[in-house]
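Only one structure is covered here, and it is reproduced in the block below.
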Amino acid sequence: MPTLTDQAEFTSNEIYEIQQTDAEEGAGVGASYSGIGLSNWPHQQLANRTAFLKQRQDQNIASISALQAFEAGFLGLLAPNGYLKIPLNDAVKGPLICIAQWGTYAPVGAVAVNGPTSYAITWPIVFPNACLWALATVLDTRDVAAGYGADDYGVSTLALTQTQGNFYVNANGADGFQWLAIGY
């Protein structure tokens with residue numbers, strides 16, 4: 131049984147309507163419409179359009195799968211000591227996962243931080259390759275509540291590893307400090 135061979139092409143508003151006065155014409159040598167005949171022409175147009183739409187649907191499914199895989203790369207923990215993993219394509223290193231981590235160092239007690247002192251913070255998760263940068267700021271709710279500033283306080287970053295950061299805190303009697311670290 132002969133069949134029509136579809137080609138992925140879209141022609142809008144151009145499906146031929148067989149008229150009452152049209153002669154019945156099937157496929158054959160010398161038949162109209164490239165040899166498929168007038169009676170087969172609308173079927174060919176619909177087959178072509180269907181092939182085109184199927185091809186587009188397959189592309190859309192592949193794109194959706196790629197987007198779902200990309201979205202799955204975003205992981206995190208929105209907690210006081212948390213993290214966010216962000217997939218990116220680095221201009222030099224290629225595809226990798228950027229990690230932003232944050233937290234608060236504030237032990238329980240009347241005076242949490244006495245400095246100048248070095249404090250080691252263990253990251254919520256290990257940076258697989260390196261911690262590139264970290265920053266910290268002093269927390270002092272007592273001075274803020276009393277109307278005093280914290281301009282005599284400071285925090286410096288001493289050392290960063292994949293598992294922890296060391297911060298030098300100059301803040302006698304502060305409540306602690308908050309930190310932010312970025313790596314991959």
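The numbering of the sequence shown is our numbering, which starts it at 131 and goes up by one. Even for Gly, the Cβ is constructed at its ideal location relative to N, Cα and C.
Environment of residue i [buried if 16+ CB atoms lie within 10 Å]
i	result
A260	exposed
V268	buried
A152	In the sequence as presented, Ala is not what sits at residue 152; that position holds Asp. Exposed, since its Cβ has fewer than 16 Cβ neighbours within 10 Å.
V299	buried
F200	exposed
A138	exposed
G165	exposed
A209	exposed
Which residues DSSP lists as bridging residue i, in chain order
i	result
A264	A311
W232	G212 and L310
F200	Answer by DSSP bridge pairing: none, since F200 is not bridged.
A289	N296
G206	L214
V243	A304
D152	Note: D152 sits in no beta bridge, so no partner.
D224	This sequence places Gly at residue 224; Asp is not what is there. D220, per the DSSP bridge assignment.
8 angstroms Cβ cutoff met for residue i and residue j
i	j	result
L290	A250	no
V243	A301	yes
Y213	G224	no
8 angstroms Cβ shell around residue i - same chain, five flanking residues per side excluded
i	result
I216	G203, F204, I227, C228, I229 and A230
P132	A157
E155	A161, S162, G167, L168 and S169
T234	P210, N211, L269, G306, F307, Q308 and W309
Span separating the alpha-carbon of residue i from that of residue j
i	j	result
A161	L168	8 angstroms
Q189	S142	20 angstroms
F257	L134	59 angstroms
L262	D136	56 angstroms
S248	Q308	14 angstroms
V285	Y314	23 angstroms
A192	K184	12 angstroms
S195	D305	47 angstroms
G295	N211	14 angstroms
P246	A236	16 angstroms
Q150	V159	24 angstroms
Q187	L197	15 angstroms
Same chain, Cβ closer than 7 angstroms to residue i, five either side skipped, listed in chain order
i	result
I76	Because the chain spans 131 through 314 in this model, residue 76 falls outside it and cannot be assessed.
T293	T252, W253 and V256
A181	D136, Q137 and A138
L218	L226 and C228
Cut-off 6 angstroms between Cβ atoms - residues of its own chain near residue i, not counting five sequence neighbours on either side
i	result
D220	L226
R179	F140
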